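Notes follow the structure.
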Amino acid sequence: MADYLGEFEQLILLALARLGDDAYGVTIRETLVERTSRRPSFGAIYSTLRRMEDKGLVRSCLGQPEAVRGGRAKKHVALTPRGRAALREAHGAIVRMAEGVRGL
Amino acid sequence: VRHPLDFLLRVGRMEADRVSLLGDIEEERRARIRRGSGHLSTFVWQTGQILAACVYGARDALRRSPQASRDPSPGRRAWAGLVSWPDLKLSLRLLLKHPGLTLVASVGIAVGIAICAGFFAFAQSQLYPTLPLDEGDRIIGIENQNVVTRHENRNVLHDFVTWRDQMTTVVEIGAFHQMDARLQFGTRHAETVRIAAMTASGFTVARVAPLMGRFLAPDDERPDADPVLVVGYDAWRSRFAQDPSVVGQQVRIGTTIHTIVGVMPEGFKFPVNHQFWVPLRANPLAFERGAGPQLCVFGRLAPGATFASAQAELAAIGRHTASAFPQTHANLKPLVVKYTLTVTGDAEEGIEVAVLIAEVLVSLVLVVVALNLAILVYARTTYRHREIAIRTALGAGRLRIVTQLSAEALTLALVPAIAGLALAQYGVRLSLQIFHQQPVFGGAAPFWTDYSLQPATIGYVLALVVVTVGIVGVLPALRATRRSVAGNIGQLGTSVRLGRTWGVLIVAQVAIAVAALPAMVRLGLTEIRSGLTRPSYPIKEFLGLAITTEGGKDRLGHRLTELKRRLQAEPDVAGVTFAASLPGRSIARVELMGPAGNAVPTDSKPTAAGIRTFGIDSDYFNVYGVRLLAGRSFDARDSGDLTNPVIVDRSFVRAFLNDGHPLGRRFRDGARAGSGQPSPWYEIVGVTENLATNPIDHHAVPAYVFYPVAAEQVTAASLRLHVRGPAAAHLESGLPQRLHRLAAGIDPALRLGEIRPSAFIDLSESLKTRLIGQTLTLVMVTVLMLSAAGVYALMSFTVAQRRREIGIRTALGAPPYRVLQSIFSRVAVQVGSGMLVGIAGAVTLESPITSAIGWPELAGRRAIVLPAIALVMLLAGFLAAFGPARRGLRIQPTEALKTE
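Now the structure itself:
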């Protein structure tokens, strides 16, 4: 059975797909702010990422500490094949549902 | 930049992502400031982000056990039903109704919790600090400890190599030592900076990448490698104006040109609080075993290894080394210790147990406070028997009433607990600042210092609040609700009797006060006494600095003698001398030579301050102005004399020779008697006046043993300058610069440490003594005040309860003293019983406390403390009883009968 994705999860997975190797907390949030006009907190983003990591939809690794981050490392996040499939499925469902609907 | 609420993310599911999450928030915070946001609005935004993350983390943690939230346990249901908002409102009203009780209780709880939490937080910060590095809890220290003196031995260059080559449970083993050196960049004035000479593994063990360039590499440690320097972020910003091309530039350290090879990121200060790092170039072949630079050794536990497995492996290596080199290692035991403790030199076997015992003892302070409050609350609760009886008659169960009374205690304890916590945080911050005055820190906080409130401290305070509520609320409530409904109804309008609980509480609180106070008094007096120890020479006119050569392996020889001579010619220098230590000359326990050449042991702990042994230059006493009382001073021939001549001070003679004739007497270090190489015999050739004096206790003055040392014998020495006028003023008048110029003129390879006034250390010591003294005074006054309040409550209640009886007895012509006798007898029995139990407790606790913490014994003059405390308690009890007793005598018989 395909993984069910909530709306915020879909948005984050789309941000990951868009950002590629440069996906981490700050860039994910920036993408969401720019493209959805939402201003999610970092807590919401990390909570969702952790949930999706538990489900195997994304994977993460720690980078190098950077001075601009107060000497702290970045957590780089990337889509897994399963996450990509789930995103494709969720997006397909939206497109199929929207087909033929007028006035959107 | 740390946010004060960072610690909130240590709980809940956000803990795992804490570092990267805080990094993201920090990055965004800086971006906001760059975009022109105000600091205040950015701080508010940052706080919001942290709080939101905390909420998400807590929610996720709860969601992991959905069963728990959907189906609360019976206990949770019961609490939800029992503790209600009206209960809390009623509690608040009652607290306001009895402002006297509320005030005494609040102050007592606040002071009690402040002391307990302050001690706990400080001990936690020292014993269990979180190293803010990746898997920082696996970074450890390795050191040799002298089992006789219980001090660490840092001459471990040879051992360091052995440990690094042989250990498998600890990896990335490295070492460092710190030095103060003159650093000059470009045309700027040279300044003295603190530099860590560290192995390259220091950077890999910390797992922090450089911001620019590279960090040190193992090849940099080769003697023929080019001298290189790594700079910290703060130094890069303040001294190099954040120059992006700083890598590759050259600076002068001492006389050597170093090339900057890298800049470390912000916050990186490993190993202590450093901003400059050079490679550690210490070749073991250049030093004898037991000599060389003083090193701190560190490493990281290998994957799968534990403290215990590393200690087991190290002990095996240590046994092998001790059997191979008995002359230097017979008394040395290698230990795996917490990294921070090896830096501060506080690592000691069993220190955690000793601190735990101390924490339990300190926690007793709050138990004493709570017991006293319980007495007061119980007195009030018994006055409320009418209300309790009516509530019971209306159907309230015992649990319901106990919960109500516990809610009152909780309301009473919460605000003082928060105030106590705030007071404790303030005290801990002050204590840490004093603590960081130690030379190892040089007045700056080490990188692991965390001033924020720790979750463990909050947990401890919550546990204290639970104990307090248990004693102050539940105990009196259980007692007050023990009677049956019928009994309660029947007692409406009659007096209430105080049963055994009351008596037991009084006995217990007096006993705990008597048992715990002597230890505090003794500790306080010891601190105050040692605080009164003052140098007998004008310490404010002395400056001190370390001197060695580049590489630290060449003997100082004529260079030191010449530097002394040239300094002596300076107009503002009154005298110059030096002190130095030679290996194998320390004395931990004195054994005198008997008439037949045999060894006669002496008392192993003759003075509380111990024995200090060091080598001195021949004109040391002249420069310090210390008078020779008997015999002779050292001369140039003494340093090579095989009879090992020594000069001792008056304290030594008093402690070990019973003030007998000292000249010609011989002694040795008894601590090494059983080792492969026993201590040589030393012959006393002179006696000096003490270097320090104490107006009230000569035991607080250390006993000094001086042996002769020549400049040709040492590779490092401590240069002492007696200047004309206050030493601190000379630091600003260019003396340090002249000193460096003189040294460079003699030999550019001479390396000088930072010049400090000798009074510098003295100041931090007196600050520490003052803090401890004030804290202990606060504790003692609080405990005595609450004990007196408890006894006062007992007397008031007794008098109130016996009004009728007193009235009748007075009416029948009983003389006042008989009435007073009957009032006081109960107090006397209970306070007296408490004193006896307390004295028994103090005597029982004496042995474990002495062995664990090393506090003075209940012997000799110190034995007076215990009965003195007991007497003070008794006096406090009777003084508190005086007012109520006087009221008792003034009761008019007609009034007393009318009240019933």
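As given, the protein sequences belong to chains A and B, one line each in that order. Going by the numbering used here, the first residue of the first sequence is number 3, and it counts up by one from there. Going by the numbering used here, the first residue of the second sequence is number 883, and it counts up by one from there. Note that CB positions come from ideal geometry on N, CA and C, so glycine has one too. Just so it is clear, the structure is predicted and the values come from calculations on it, not from any experiment.
- In this structure, residue 1022 of chain B lies away from residue 1196 of chain B, with their beta-carbon atoms at least 8 angstroms apart.
- With respect to chain A, the C-beta atom of residue 909 of chain B has a partner C-beta closer than 8 angstroms.
- DSSP links residue 1605 of chain B through a beta bridge to B:1455.
- In this structure, DSSP gives residue 1035 of chain B an extended state, which the three-state scheme calls strand.
- Residue 1028 of chain B has B:1214 as its beta-bridge partners, per DSSP.
- Checking the DSSP bridge columns, you'll see residue 49 of chain A has no partner listed.
- Against chain A, the CB of residue 1065 of chain B has no partner CB under 8 angstroms away; the residue lies outside that interface.
- Nearest CB-CB separation between residue 1465 of chain B and chain A: not below the 8 angstroms threshold.
- Not flagged as an interface residue toward chain B: residue 61 of chain A, since no C-beta distance is shorter than 8 angstroms.
- Under the three-pair Cβ rule at 8 angstroms, the stretch 1066-1083 of chain B counts as touching the stretch 1149-1157 of chain B.
- In the pairwise beta carbon analysis, the stretch 1593-1600 of chain B is classified as not touching the stretch 1052-1068 of chain B: fewer than three pairs are separated by under 8 angstroms.
- 1147, 1148, 1149, 1150: these are the residues of the stretch 1139-1152 of chain B whose beta carbon lies less than 7 angstroms from some beta carbon of chain A, given in chain order.
- Under the Cβ distance rule, residue 906 of chain B counts among the residues neighbouring chain A, one pair being separated by less than 8 angstroms.
- Excluding five sequence positions before and after residue 28 of chain A, none of the CB atoms of its chain fall closer than 6 angstroms to its own CB.
- Per DSSP, reduced to three states, the secondary structure at residue 1114 of chain B is coil, with no helix or strand assignment.
- Burial is judged here by how many other beta carbons sit within 10 angstroms of a residue's own beta carbon; residue 1059 of chain B has at least 16 and is buried.
- In the structure shown, the three-state DSSP call for residue 1414 of chain B is coil.
- Under the Cβ criterion of 8 angstroms, residue 899 of chain B is counted among the residues facing chain A.
- The C-alpha of residue 1753 of chain B lies about 59 angstroms from the C-alpha of residue 1616 of chain B.
- Residues of chain B whose Cβ lies closer than 7 angstroms to the Cβ of residue 28 of chain A are, in chain order, 906, 909, 910.
- Unbroken beta strand (DSSP E) runs of no fewer than 3 residues, entirely contained in the stretch 1073-1107 of chain B, are found at 1073-1080, following chain order.
- Under DSSP, residue 1057 of chain B shares a beta bridge with B:1179.
- Here residue 1716 of chain B carries a helix assignment [DSSP, helix/strand/coil].
- Secondary structure note for residue 1494 of chain B: its beta strand (DSSP E) is the uninterrupted segment 1493-1498.
- Linking residue 978 of chain B to residue 1088 of chain B through their CA atoms gives a straight-line distance of about 55 angstroms.
- Among the residues of chain A, those whose CB is under 8 angstroms from the CB of residue 942 of chain B are 49, 52, 53, following chain order.
- Sorting B:1449, B:1357, B:1415, B:998 by C-alpha distance to the C-alpha of residue 1624 of chain B places B:1449 at the top.
- With a threshold of 8 angstroms between beta carbons, residue 9 of chain A makes no contact with chain B.
- Secondary structure at residue 1019 of chain B: helix, using DSSP grouped into helix, strand and coil.
- With respect to chain A, the C-beta atom of residue 931 of chain B has a partner C-beta closer than 8 angstroms.
- The count of Cβ pairs closer than 8 angstroms, one atom from the stretch 1471-1480 of chain B and one from the stretch 1430-1440 of chain B, stays below three, leaving the stretches out of contact.
- The Cβ-Cβ distance between residue 1314 of chain B and residue 996 of chain B does not fall below 8 angstroms.
- Against chain B, a Cβ distance below 7 angstroms from residue 68 of chain A picks out 1147.
- With distances taken between CA atoms, residue 1012 of chain B lies nearest to B:1333 out of B:1333, B:1311, B:1046, B:1104.
- Fewer than three beta-carbon pairs drawn from the stretch 1389-1403 of chain B and the stretch 1570-1585 of chain B are found closer than 8 angstroms, and the two stretches are therefore not classed as touching.
- Residues of the same chain with their beta carbon placed closer than 6 angstroms to that of residue 1033 of chain B are lacking, with the five preceding and five following residues left out of the count.
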